[in-house]
Amino acid sequence: AQSVTQLGSHVSVSEGALVLLRCNYSSSVPPYLFWYVQYPNQGLQLLLKYTTGATLVKGINGFEAEFKKSETSFHLTKPSAHMSDAAEYFCAVRLTSGTYKYIFGTGTRLKVLA
Amino acid sequence: DTAVSQTPKYLVTQMGNDKSIKCEQNLGHDTMYWYKQDSKKFLKIMFSYNNKELIINETVPNRFSPKSPDKAHLNLHINSLELGDSAVYFCASSQAQGATEAFFGQGTRLTVV
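Line by line, the protein sequences give chains A and B.
For the first sequence, my numbering puts the final residue at 118, and the numbers step up evenly by one.
For the second sequence, my numbering puts the final residue at 197, and the numbers step up evenly by one.
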């Protein structure tokens with residue numbers, strides 16, 4: 005069965021520091037991979053996605069993620085954190101056949117310290 | 085214009101009541117979803133409809149009944165509300181069943197007292 009593991013339910017970084025949010029997945033076939041961001045009392049907004057092709061994908065707000073098949077990972081990074089990046093981040097996989105449903109990780113709350 | 089809109093945004097109700105949450109998308113998408121986010125922020129799919137046809141029903145109690153009058157709307161009706169139903173419910177849509185992106189609504193925070 006497919007699953008998503010996000011290491012670290014809370015991550016704190018200083019403003020200007022590197023952001024690294026970890027995501028590992030389990031799937032019998034390579035799924036589509038996503039990062040969504042949820043600001044307080046808001047819905048989910050797509051940050052970036054990997055479907056096929058280049059394994060390093062760039063998203064909005066300076067975020068990027070790299071799909072590493074050998075490590076079954078899709079970690080999210082941003083070179084320099086900004087106060088406005090404070091939010092909840094969700095990694096998700098989507099099945100590429102059958103019901104095509106999304107499976108979400110448990111989320112990582114990013115706190116940015118001044 | 086909001087792409088995926090849900091009403092109401094907040095809903096406080098007593099145990100045993102019946103309530104509905106409405107969702108509308110103006111993106112022309114074929115597929116719509118309901119997700120439940122619990123108090124620990126865990127998101128889990130409940131239902132998915134494709135062109136008004138139910139395609140995913142994830143072991144959700146019978147008290148929950150989705151209704152899709154047309155492909156732009158997917159409403160969620162909940163009978164006999166229980167304390168454990170308190171959560172944030174998100175509606176989402178995607179262009180097609182196999183589309184690579186889902187668009188989410190703002191969520192409905194349901195509190196059962």
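All C-beta atoms in this analysis are idealised placements derived from N, C-alpha and C, irrespective of residue type, glycine included.
In the same chain as Lys62 (chain A), and ignoring 5 residues on each side of it, the C-beta atoms closer than 6 Å to its own belong to Glu68, in chain order. Taking 8 Å as the cut-off, the beta carbon of Ile162 (chain B) is found closer than this to the beta carbon of Arg147 (chain B). The residue among A:Gly66, A:Phe71, A:Leu50, A:His86 with its C-alpha nearest the C-alpha of Leu60 (chain A) is A:Phe71. For the C-beta of Lys105 (chain A), the chain B residues within less than 7 Å are, from N- to C-terminus, Ile129, Ser132, Ile140. Using a Cβ-Cβ cut-off of 8 Å, Phe148 (chain B) does not count as an interface residue toward chain A, since no Cβ of chain A sits closer than that to its own. Chain B places no beta carbon closer than 8 Å to that of Thr59 (chain A), leaving this residue out of the contacts. The C-beta of Lys53 (chain A) comes closer than 8 Å to at least one C-beta of chain B.
A contact is defined here as three or more CB-CB pairs under 8 Å, and the stretch 178 to 192 of chain B meets this definition with respect to the stretch 109 to 125 of chain B. Judged by DSSP in its simplified three-state form, Leu80 (chain A) adopts strand.
Ala96 (chain A) has its alpha-carbon roughly 6 Å from the corresponding atom of Gly109 (chain A).
Judged by DSSP secondary structure, Arg147 (chain B) falls outside any beta strand (DSSP E); it is assigned neither H nor E. Judged by DSSP secondary structure, Phe38 (chain A) falls within the beta strand (DSSP E) whose first and last residues are 36 to 42. Shown here for Val144 (chain B): same chain residues with a beta carbon closer than 6 Å to its own, the five before and five after excluded, namely Met130 in chain order. Cβ proximity to chain A below 7 Å picks out Phe174, Gln181, Gly182, Thr184, Glu185, Ala186 from the stretch 161 to 186 of chain B. A distance of 8 Å or more separates the beta carbons of Asn141 (chain B) and Ile105 (chain B).
Bridge partners of Ser104 (chain B) according to DSSP: B:His161. Linking Tyr29 (chain A) to Ala176 (chain B) through their CA atoms gives a straight-line distance of about 22 Å. Looking at the DSSP output, Asp114 (chain B) bridges to nothing.
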